[in-house]
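Reading through the structure tokens given below for one structure.
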Amino acid sequence: MSEESIAEVVADIAVGVRGGLSIDGAVDRLRRWVPNDVLAKARIDFETSVGLIRKMDDPGVLLSMETRKNSWYPGPQPTDFFWPPLRIELEHSLGESPVIGIDSASSVVLSAMRAPGVPEFSTRGLVLGYVQSGKTTNFISVIAKAADSGYRIFVVLSGTTENLRSQTQSRIDQSLGSQAWYKLTSMDSDFYEAKENAAALLSGTDLRFIAVVKKNPARLRRLRDWLAAAGPVQLANNPILLIDDEADQASIDVGPRGRASRINGLMKEILRKPKAAYVAYTATPFANLLINANDPHDFYPRDFVVPLPRPVGYFGAEELFGLPEKTRPEDSDSDGLNVIRTIPDDEAAVIRPPSGKGAVYGWDPTVDRSLGQAIEWFILATAARRLRGTGNVHSTMLIHTSMLAEAHVRVAGAVSQKIRALVKSLETDDREALGRLETIWNSEGEKLPSSLFDYRFFSFEEIRPLLGSVARQVRTVVDNYLSTDRLAYDDEIPSVSVVIGGNTLSRGLTLEGLVSSYFVRSASAYDTLLQMGRWFGYRKGYEDLVRIWMTSELHEWFMDLSMVEADIRLEISRFEAEHLTPSEVAVRIRSHPSMAITAAAKMRHAVRAQMSFSEKRPQTILFNTEDKAWLQGNIDSVRRFVGGLLQSGFEESTFGKDRRGFRNVHARDLLEFLTDYEFHANSQSVKSKLLVDYIENENRADSLLNWNIVFMERPDSESSMLDLGLNDDVRLLRRSRLNLANPRIANVKSVVSTIDRVADMDWSYAEIQAELAQKSQKLTDANLLAIRDDVLGPQGLLCIYPIDKDSQPQLPWDENSARSPLGAALDVIGIALFFPRARAKHSEVEYWSADLSAETFESAEDEIEQINKADTLDDGILATQSVKL
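At position 737 of the sequence shown (counting the first as 1) the number is 718 in our numbering, and the numbers step up by one without a gap.
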């Protein structure tokens, strides 16, 4: 038997399975004319292909039991029509290596959907990407492969504004071409209605239909009605795939009930067809995973959750904010690249519009020092990029101060005036302006050396000749739902753009060659805040030139949410290892400690929430460094804890070679300490009552009855010392503070190192690492947890971290460094609890989620109001179209 003949039979089996047959049925259909040995080998190859699609190791994929059972997609086939030309186009633009990952990831998504030939299906899935990371490329690839497999109607919902819609339409037109596609929308036209009626169009067999539609009630209503007019027979023969881009915006029924809820209802009606698949794409899954999982018509991803792998060369939260923690205590701090610059509060107030209805219309903003520096840096960096000749040909600056459209116009006026003045200064060789530009260029070059990325740092004299031409090319663009400006990039003509906007910029719009960003806008919801991070993406060729200006409050929030996002992704990979289904994940995600501070509006079903510390490591990272009484109180609480244990007969023990503490401490003693120790008031998920309630709940299931207590110390003899009541004074750790604005509250980011999970084992750290190496495992918390559980079982671990009040950063620092000295009035006591897997059937503890609705500044209500205004404008356009027809 030849490989070619076997491949042909594999393709025939694939056709049968796509058409709704089981693998057995597809094989039986071929028995009459295919030899048994060829058929047997082809079946093995087909099942192997299907299985390999499901084994994308990084990261794990969550599937429902029904989805696991109905594997059907073996990957692209030689007879495919739509995917091969797209792959060639992607290889031409991206190179072969990235396309291998795109091919694999898109096949995984399609394989999690139902075969188009199945008589009826209603799929709900979620694809979790990264902000500005190629989600559009992934779903276009899924569309092409689904079209090859037999899906016929494709609807892409792309934001709430025409700029977002037309940008997505342009990408789809460019990538999918026109052959064999019937386009129901175009660059200039959202969905109105097809020239031919739906029944006539859908009765053909050769075409595929695609529409790129705004999340707009008027448009969705017409799409719903057009599909309904096709009739049940045609709809049963035309499987629908609806891609919901930026799925956490407008799709979710957030209330108060307005047009956002109407959008949710219309989407449900469109999907209430015999064969319909809904696939949500988002980089911020918080709201999507809080949808009521028990409503079969809503959009909870009950069938699959597919996290896309982190793209090679991606510039994301890790680059900006560093790793969540050290792996080992001796490792250097990892706080990201030195690219964030602080906007002083008084300057932020100047550029942020006044509150109050109509107040913005009397507002006259000015360009203050920090915004001026951000604009000047944009000119300098663009000139350097031109001289370097690498990376994206376009150069963009983002200014994001408000969601109010009128505010954007007024800021644009001030910015344009600043740029005109800069052009004039460069044309006249103004010495003061040139001196200021040279100082900025040299100062920034020292803070983030180009040599870190193997680039040469140009002198100011080298870039000076380009500054005037760059400044003259700058185009100021206002991009919002009212603007007629169109942010468009031409591959042949490099653009230099300063883009000023709000919601459209924080939702999906791609900013090419983003090099300078200026942010003062407030947002209290994790998903909204993360979407504002347009600087995430690909920055190859100019990684050293990216700069971001933001308030210290925003800096702290962004850093916090980047840790939460990383934790949620880690949890999803753990869930896959446990073979949990997406519906089971709903409870686990909702009870994750990090979700204690998500948006109240998108937690309509979970304001009274639950939290679980199963397998978690809650730690204290916030400290009142100027409050002597608070600091002394926690030192005293540890001394009372130690004294009580010694008085009760516990002896000081050693763990490994260099750690000491107490073994098998009763839970009641630990609970007494947790009640005595004072946690910072701003800590949302690490609170005494939550921890005590959880431990008591576990105690009732005969878990966490005994605890090991370990005091973490520096290994060297040069450390400062502190008496905590042990046989010898403890050697103090060094933990510097993050360089944030509030001097009274120190945020140290993390007191723990990854390996602290096994601090109470009698193995040395070298032995732990050798054990992991023998199993070909990485040093991760999940792997350490497995080792500890094998040895110690359901025993808790409390680590106490005594920290030197004079702790210094490991690297030289200044006002723009990531860290600064701790500067505490007294030595600081940090703690961390390491929990095994919960034994109690219902391990969650109840808490009231903070009602943030009054503090979401510009969140759900403002989003709905903007959607309403945009809808009114669109209704007028539709009325005009009706008159023309």
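C-beta: ideal position from N, C-alpha, C; glycine also.
Are there 16 or more other CB atoms within 10 angstroms of the CB of residue i, so buried, or fewer, so exposed?
i: W422; result: buried
i: S(-17); result: exposed
i: W538; result: buried
i: P100; result: exposed
i: K405; result: exposed
i: N663; result: exposed
i: R63; result: Note that residue 63 is Phe in the sequence shown here, rather than Arg. Classification of F63: buried, given that the 10 Å Cβ count is 16 or more.
i: A365; result: buried
i: A210; result: exposed
i: Q398; result: exposed
i: Q354; result: buried
i: V(-10); result: buried
i: E524; result: buried
i: T265; result: buried
i: I549; result: buried
i: K126; result: buried
i: R13; result: exposed
Residues in its own chain within less than 8 Å of residue i by CB, not counting five upstream and five downstream?
i: S684; result: P775, P817, A819, R820 and A821
i: M702; result: D710, V711, R712 and L713
i: A813; result: R598, P599, Q600, T601, V732, V733, D737, L779, C780 and Y782
i: P292; result: P79, G82, Y111, S114, G115 and Y519
i: I(-13); result: V19, K22, A23 and D26
i: L368; result: F439, E443, I444 and L447
Is the Cβ-Cβ distance between residue i and residue j less than 8 Å?
i: R146; j: P198; result: no
i: N728; j: R716; result: no
i: S498; j: W358; result: no
i: V(-2); j: A7; result: yes
i: F594; j: G642; result: no
i: N615; j: Y658; result: yes
i: T457; j: I400; result: yes
i: I191; j: L223; result: no
i: S669; j: L655; result: yes
i: S114; j: Y295; result: yes
i: L779; j: L651; result: yes
i: K256; j: A217; result: yes
i: I81; j: N119; result: no
i: L603; j: I726; result: yes
i: L612; j: L803; result: no
i: A261; j: G158; result: no
i: S383; j: G483; result: yes
i: H536; j: I356; result: no
i: F636; j: A740; result: yes
Who are residue i's beta bridge partners in DSSP?
i: P783; result: I810
i: A192; result: V136
i: Q600; result: A813
i: L44; result: F285
i: G518; result: F296
i: R555; result: Its beta-bridge partners do not exist; DSSP assigns none.
i: T761; result: Looking at the DSSP assignment, T761 forms no beta bridge with any residue, so it has no partner.
i: S478; result: T377 and R456
i: Y908; result: Here the chain has residues from -18 to 866 only, and residue 908 is not among them.
i: D226; result: S139 and Y262
i: H560; result: In DSSP, H560 forms no bridge with anything.
i: Y499; result: I380 and W530
What residues in its chain sit with their C-beta under 7 Å from that of residue i, if we drop five residues either side in the sequence?
i: L247; result: P198, L201, R202 and R205
i: V193; result: V137, S139, R146, T149, Q150, I153 and T166
i: R621; result: D657
So, at 6 Å on beta carbons, what are the nonlocal neighbours of residue i in its own chain, with the 5 sequence-adjacent residues on each side left out?
i: P55; result: A(-5), F27, S30 and V31
i: I481; result: I380, H389, V392, A393 and V459
i: E(-15); result: none
i: E844; result: Low per-residue confidence applies at E844: pLDDT is 48, beneath 50, and the placement is therefore not dependable, though the value from the model is reported in the following sentence. Nothing listed; no residue qualifies.
Check: Would you say the segment 281 to 293 touches the segment 551 to 566, given that touching needs at least three Cβ pairs under 8 Å?
Finding: yes
Margin query: Under 8 Å: do the segment 674 to 691 and the segment 748 to 756 share three or more Cβ pairs, one atom per stretch?
Written below: no
Notebook entry, point to check: Does the segment 314 to 328 come close enough to the segment 340 to 348 to have 3 or more Cβ pairs within less than 8 Å?
Noted result: no
Checklist line | At least 3 beta-carbon pairs within less than 8 Å: the segment 74 to 92 vs the segment 164 to 171 | finding: no
Next item on the list: Would you check if the segment 643 to 657 and the segment 610 to 630 touch, i.e. whether three or more CB-CB distances between them fall below 8 Å?
Entry: yes
Check: Would the segment 324 to 332 and the segment 438 to 455 be scored as touching if the rule is three or more Cβ pairs under 8 Å?
Finding: Not touching, per the Cβ criterion.
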